[in-house]
Amino acid sequence: MKKIIIALMAIALLPSIQSFGQSKDKANFKEYKPGYYQNFILKDVRHIAKVKKAEKNDKRFQMDQSGMELPNKIANYKDHTYWHQPTTSQGNTGTCWNFSTTS
């Protein structure tokens, strides 16, 4: 009988314990004026970046397919083509968030 009473009391007190467990924190947003870092260090970094122009190296990775027998005729796939909608820009669909999970 004692075990049943203790269990019922625990069940009755559980929601009240959980409601007191949450505490709200306070925070302030401070806006700082540009200081030493922005006025001197970043200014110098930006100046050097303008003066020094990085060379553009156009690099590509390409597989050597010489000597491989690959399918290259569209006629081989005429029997296995399916109807599909034309492609649409993600921005024009209004559901661009969905493309990240399906593509």
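If you count by my numbering, then the sequence shown holds residues 96 to 198, one letter each, in order.
All C-beta atoms, glycine included, are put in the ideal place defined by N, C-alpha and C.
Practice problem: Look at the alpha carbon of Lys119 and the alpha carbon of Met104, and state the distance between them as a whole number of angstroms. | Solution: 28 Å
Exercise. Indicate the three-state DSSP secondary structure (helix, strand or coil) for Asn187 in the structure shown.
Key: Look at Asn187 here: in three-state DSSP terms it is helix.
Self-check item: Ile101 to Pro110 span [Cα, whole Å]
Solution: Answer to the nearest angstrom: the Cα atoms are 15 Å apart.
Quiz item: First and last residue of the alpha helix (DSSP H) that includes Lys145?
Solution: Looking at the DSSP string, the run of the alpha helix (DSSP H) that includes Lys145 is 137-146.
Self-check item: Tyr172 to His179 span [Cα, whole Å]
Solution: 15 Å
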